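There are 4 protein chains.
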Amino acid sequence: MDFTLSEDQISLMSALEKTLARFGDDYWAECDITGSYPDAFVTAMAEGGWLGIALPSDVGGSGLGVTEAAMMMQAVAARGGMTAASSIHMNIFGPKSLFVFGTAEQRQRWLPDIIAGKTRMCFAVTEPDTGLDTTRLKTRAVRDDDRYIVNGQKVFISTAQSADKIMLIARTSDRDDANPAAGLSLFFTDFDRSRIEVREIEKMGRRAVDTNQLFIDDLEIPVEDLVGEEGKGFKCLLHSLNPERILIAAEAIGIGKDALRRATEYARERVVFERPIGQNQAIQHPLADGWARLAAARLMMLNAASLYDVGQSCGVEANAAKYLAADVGQDICRQAVATHGGMGYAREFHVERLFREIMIPYLAPVSQQLVLCYIAEQALGLPKSY
Amino acid sequence: MDFTLSEDQISLMSALEKTLARFGDDYWAECDITGSYPDAFVTAMAEGGWLGIALPSDVGGSGLGVTEAAMMMQAVAARGGMTAASSIHMNIFGPKSLFVFGTAEQRQRWLPDIIAGKTRMCFAVTEPDTGLDTTRLKTRAVRDDDRYIVNGQKVFISTAQSADKIMLIARTSDRDDANPAAGLSLFFTDFDRSRIEVREIEKMGRRAVDTNQLFIDDLEIPVEDLVGEEGKGFKCLLHSLNPERILIAAEAIGIGKDALRRATEYARERVVFERPIGQNQAIQHPLADGWARLAAARLMMLNAASLYDVGQSCGVEANAAKYLAADVGQDICRQAVATHGGMGYAREFHVERLFREIMIPYLAPVSQQLVLCYIAEQALGLPKSY
Amino acid sequence: MDFTLSEDQISLMSALEKTLARFGDDYWAECDITGSYPDAFVTAMAEGGWLGIALPSDVGGSGLGVTEAAMMMQAVAARGGMTAASSIHMNIFGPKSLFVFGTAEQRQRWLPDIIAGKTRMCFAVTEPDTGLDTTRLKTRAVRDDDRYIVNGQKVFISTAQSADKIMLIARTSDRDDANPAAGLSLFFTDFDRSRIEVREIEKMGRRAVDTNQLFIDDLEIPVEDLVGEEGKGFKCLLHSLNPERILIAAEAIGIGKDALRRATEYARERVVFERPIGQNQAIQHPLADGWARLAAARLMMLNAASLYDVGQSCGVEANAAKYLAADVGQDICRQAVATHGGMGYAREFHVERLFREIMIPYLAPVSQQLVLCYIAEQALGLPKSY
Amino acid sequence: MDFTLSEDQISLMSALEKTLARFGDDYWAECDITGSYPDAFVTAMAEGGWLGIALPSDVGGSGLGVTEAAMMMQAVAARGGMTAASSIHMNIFGPKSLFVFGTAEQRQRWLPDIIAGKTRMCFAVTEPDTGLDTTRLKTRAVRDDDRYIVNGQKVFISTAQSADKIMLIARTSDRDDANPAAGLSLFFTDFDRSRIEVREIEKMGRRAVDTNQLFIDDLEIPVEDLVGEEGKGFKCLLHSLNPERILIAAEAIGIGKDALRRATEYARERVVFERPIGQNQAIQHPLADGWARLAAARLMMLNAASLYDVGQSCGVEANAAKYLAADVGQDICRQAVATHGGMGYAREFHVERLFREIMIPYLAPVSQQLVLCYIAEQALGLPKSY
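Residue numbers (the numbering used here), protein chains in the order written: chain S, -18 to 367; chain C, -18 to 367; chain P, -18 to 367; chain Z, -18 to 367.
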């Protein structure tokens, strides 16, 4: 057993900090207030080669694992919250399916531009009325000669305002109860705004990275943009579920650590009744509890990443990491607000922004409740409850 | 013992609902998004006579107690959250000191206009570096013939953008450690914008009702605007602390009930995996827990109000009510967001607004931690911890 | 609204305290260690007339309500925990059905002796495999001329070691899915040990008041011991469900208050690092939180009792009171142990006894989870989850 | 980073399970009920060589680290709770100081017999009035020729009823505020019952392993039983603090896992309302939460052990591990009781025993609150609060 970072990992994180340090609190607060996309940040990350961290070197990536990608996303979120994380999140874990299931030609056609930040992609899975049961989605792709014609709706699609590519899952044949996952197909194609109407969902936080409802009307997709085999798209999708949970856990931990740092500094410096407020156990104990739980959630997250990278199953570990990370993240962000007293409510202290943003990993990509269902079934062998 | 509302109280609430029903979700969401003050609402409440609910009839009030005022504020917050509540909160509990300690002339000069909504007042106590120890405030009022000249700073002052009167506490003589509360004086005077600079504090929620920092520079207050005796302002202030906590508790309960209602309705109607999500214990049990705790917090709040109205001491009860109400309010608002899943994060479902607004009674006018200190000392006889 | 006790209620409680004061900590600890029934206490309560507090005066009771009975049980539990409470609990709420549904002859035959403490009764409803669905119980009573012959099993039956009467519910006709509650009958009869085998269940706490499994083998019950109509026993049972929850809530509150008192006293007196440990917020804040939640749970409990006494429905209130009381009771008992440090684990400080005993209202007569189901369905209109 | 067990570690645990499997639930329940020391178990562990797991091979130990010792103690506690763990706990971590600070002669004189289980030792540090500040202890050892004469009191001393050796810390010179830790000396000597009166403290759980108060009256200790230098005993003591916390964390995790296993099995098998109760989210979700938190606490514990074994500082990690392990352990034991419903209160289902025993790591060797103080100061740089 060895819980320490390798020297390479330490250098990597140190190099990353240099890029991150260029974007301070004011930058992220400005993005949040104006709702403007963090273009400069994404460009800097692309230039630094960070977007290809987990993609192989033959397409221009760094060839590292989900472990390093997760460490990177933790550091990114610790600086710029979910605004920073979500602006590149999809570019980190999304292309994985393209690499694993795409043809050699597709990989070369798509991945270098993604890594270079020239292509911005969005990921369109969720639909308004299918809940989490992806097999029930209704968007249809009908083959017509050398293209597919797609119609349907998608919801909670991030970065669709500015994406030029869309990764899309749709039904290419009717649902069969005996094998409900069959008949779904995965596409990666141009985001044709003449055929996809994008309506932004106004939301509580992370305004700079848009979330949208998509109305797809006769979108044409050339057959060469089908990823993997027709009808086997669900398998491609599944491949990226655990990395997604691991990254989101890392992001929640990053935000939690940032909130903890801010609260601790304020508690050390703010003097009330002639002593720093951090001398009060009511102030310091919740922060200490947060420290311990964040440290434990981080180990869970790294454990899941580590299992994934050596090809072992990591479903319960990845889900548990997201659960624990979001749970302590939410608590510590609220506590950071409370530590600042009335000033915690003011935008200028940034913790209110984290308090709003931490709700994203709390709610998505799967609810805390569904994680518990998953653990109960998979780790404890208890019956399905719904 | 009798826990039921009187017939008069039932009629009162029923009449109030008619006024409140004129301002729907869209109205409050619009206020929140644009940050515009809820003028129409305040006017309607003034026209209905509601602003004078707890003031005596000889100055145009309804002559009712804090009990009825608290019931009213619960109902107001259950419709329009803290945006609605804070827009009139000060007008409900602030003038109490004017009535109790003001001269007959002052009462007639000031109170009818407040009740009629013609006067909008703000309440300026808190200062940047005094923490909660009001006796340490530094704003000075120096007597100069028939007026006082005031200099200093105030922070967290609500509605100062539009107020035309300011209730202000300032030192009129030096602090004496032997009797630190002496030497503070209370004033109620015109809000002279040529002498008071107002800087708004941008904040997480309740944007429509401004919170501000005040920089007071040679403000002149005529002696006839001194309330009570010079040097005895602290006593006037204390008089309103418990009503303030009772009202804020009522407001937290109102928001909690509204969040619970919205979550429950969504849980009944939203179908996932072919059944309403409210059939899941993971969804319904936190709501049921919220129901029970809200009901208990409401009884605590009414108990405190009831003690206040018969002139008994109600400090621990009022503080405990604020603590319990804010605690369950915060939990149930987060749960309401979680119940809506990703949609909980969208502005259009309103629960995210409540989630941001409930943090106000959680943080103010006193932190949850200081309430626990107060209860520990006053109810349990434990030593002061700070 | 009026939250204060009447003068009569105050005198009553004051008289009760005189009886209770005769049985100190040593008495209850001794009962717990030796497992011997608190005979002297029960006798003293009977002599004081307390067993008939909620029964009408024409059978020798005091004619008071569930409100007063609950106040009494809170005070009893605050002195002697569940050992004291359970030794008389059944005598307080059990005979209610006898009074309401019994004939005039039965009332006179049974109730005076119960009130006088001459009759000790146990209450046999629960069966090993029916869970909480009483309509599924399997114990059969077959009419044979002027008697019923009963066979079956019961579980969790308190005081069966020493009871001389048993209140028993059994099927007198087959279960009909269309009307599952029909066909159950209630009996009150001699505890015939030649036909009922009693096996004690060894348990974590409250050893002095036995809990048992009953094996009933051809028990003969004369027809005159049938209570109410044959086949309508479920209705009789239902009548006592809410009072039972109210009393158990009162008992949990009594234990909670006792644990809080002990912890507070220890925190005031125990000096570590040269100051009372109660000066630490980590010690005092959980106790203050307990104070507030106990006060709120008490109001909920009294509210439910008050509704019951005026004949209004009180199901959700009674269940919510048991839920809140058991919840805070459990927390405060654990906190009382923690406040005592290592000494909390020692028997001589009594808090470990309360920590074991509070689990009874936490687990029974209905689990916290089933209370939440009940509230979700009845108060929130959410669908049944199981 | 590598979170997996080595093959050697896997074999070790597998061998251990064979020994542990010989002592089933009945054995541990019997120990608990009768209060008789688990002699057969301790003998079996000694025969298997397990007592020397963390001692070097030249004195007969296995030469493994705290990591393996902690894995062992987790497995031991998962079978026999704190009864099993405490019966050997001291023999595992106590001799460490003897090995590190003892002379070659002392090591050979003492350690082989400890490893062989021939010597049973107790560890006497804590005193009634010194709290956790060991430097304030009052027991005095006065040098008199070739021996020390010791007088004083100790409290919370486990296994003193049957120990034949005592590891004792006492003052050999007056306390100096400038260097309060100086002047304490460590001894390892015969337990002379003619000079040490042992009074057992009756307690809530783990009755089979006694806890005692010691009254030491002119105990004579030969100088050759002094460990390390006179006056430098505190340093010896400090050396074992972190291993102690790591082991206690491992034990809490073991109990937690056992409680979780029992609850899960019961939830799978117990059918109520015609389905296993584990199908209810109210039953399964708290268990799933327990699974996740136990897994995270285990990683924290192994991380601390791992740091210790490579000689790095591990204070915050060891303390955080004990905090998280005790916290989830306590929750999951209560939940295991609740999962069993009324049967959770019955001794025959064993979970009530675990519920009582888990309070030991919750309360000792340091309270949860003091752990938070430690983390706040050491990890967060916040000021001392007491």
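Positions of the beta carbon are idealized from the N, C-alpha and C atoms, including for glycine. A quick note: this is a predicted structure, and the numbers were derived from the prediction, not measured.
Residue-level contact check: residue 266 of chain S touches chain Z, since one or more beta carbons of chain Z fall below 8 Å from its beta carbon. Comparing alpha carbon positions, the residue from S:25, S:67, S:14 and S:311 closest to residue -2 of chain S is S:25. DSSP places residue 82 of chain Z inside the alpha helix (DSSP H), whose first and last residues are 76 to 82. Legend: CB atoms of the stretch 258 to 288 of chain S lying less than 8 Å from CB atoms of chain P belong to residues 261, 262, 263 and 266.
In this structure, the alpha-carbon of residue 367 of chain C lies about 10 Å from that of residue 253 of chain S. Taking C-beta atoms as the reference points, residue 354 of chain P and residue 335 of chain P fail to come closer than 8 Å. Put simply, the CB of residue 245 of chain Z is near chain S, with a gap under 8 Å to one of its CB atoms.
Against chain S, the beta carbon of residue 364 of chain Z has neighbours under 7 Å at 257, 259 and 260, listed in chain order. Within the same chain, and ignoring the five residues on either side of residue 79 of chain Z in sequence, the residues whose Cβ sits closer than 7 Å to its Cβ are 87, 88, 91, 92, 169 and 208.
The alpha-carbon separation between residue 50 of chain P and residue 62 of chain C amounts to approximately 40 Å.
C-alpha of residue 72 of chain P to C-alpha of residue 292 of chain C: approximately 41 Å in a straight line.
Given a length threshold of 4 residues, each whole run of the alpha helix (DSSP H) inside the stretch 212 to 265 of chain Z is given here in chain order: 214 to 250. Within the DSSP secondary-structure output, residue 49 of chain C pairs in no beta bridge. Counting of Cβ neighbours within 10 angstroms places residue 140 of chain S among the buried residues, the total reaching 16 or more. Of the residues C:211, C:133, C:18 and C:83, the one whose Cα lies closest to the Cα of residue 106 of chain C is C:133.
Look at the beta carbons and you see the stretch 33 to 44 of chain S not touching the stretch 203 to 219 of chain S: under three pairs across the two are nearer than 8 Å. The criterion of a C-beta distance shorter than 8 Å is satisfied by residue 233 of chain Z and residue 306 of chain Z. Between the alpha carbons of residue 180 of chain C and residue 66 of chain C lies a distance of about 22 Å. In this structure, the beta-carbon distance from residue 146 of chain C to residue 84 of chain C does not fall below 8 Å. In terms of Cα proximity to residue 19 of chain Z, the closest of Z:28, Z:4, Z:31 and Z:32 is Z:4.
Assignment of residue 133 of chain P by DSSP, reduced to helix, strand and coil, places it in the strand class. Within chain P, not a single residue places a beta-carbon under 9 Å from that of residue 35 of chain Z; the smallest gap is close to 26 Å. When DSSP reads this structure, residue 121 of chain C sits in a beta bridge with C:132 and C:152. Under the three-pair Cβ rule at 8 Å, the stretch 233 to 242 of chain C does not count as touching the stretch 187 to 201 of chain C.
Take residue 142 of chain Z, set aside five residues on each side of it, and the residues of its chain with a beta-carbon closer than 6 Å to its own are 191, in chain order. Among the residues of chain S, those whose CB is under 9 Å from the CB of residue 340 of chain C are 315, 318, 319, 325, 326, 333 and 336, following chain order. One alpha carbon belongs to residue 348 of chain S, the other to residue 58 of chain S, and they sit about 20 Å apart. Residue-level contact check: residue 240 of chain S does not touch chain Z, since none of the beta carbons of chain Z fall below 8 Å from its beta carbon. Taking one beta carbon from each stretch, the stretch 297 to 306 of chain S and the stretch 271 to 289 of chain Z have 3 or more pairs nearer than 8 Å; the two touch. Less than 8 Å divides the Cβ of residue 229 of chain Z from the Cβ of residue 346 of chain Z.
The C-beta of residue 365 of chain C has fewer than 16 other C-beta atoms within 10 Å across all chains shown, which makes the residue exposed. Of the candidates S:154, S:127 and S:-14, S:154 places its Cα closest to the Cα of residue 213 of chain S. In summary, residue 219 of chain Z is exposed, with fewer than 16 beta-carbon neighbours lying within 10 Å of its beta-carbon over all protein chains present.
At least one beta carbon of chain S lies nearer than 8 Å to the beta carbon of residue 360 of chain Z. Counting C-beta pairs closer than 8 Å gives fewer than three between the stretch 108 to 118 of chain P and the stretch 182 to 191 of chain P, which falls short of the contact rule. Counting only Cβ-Cβ distances below 7 Å, residue 182 of chain P has contacts in chain Z at 327, in chain order.
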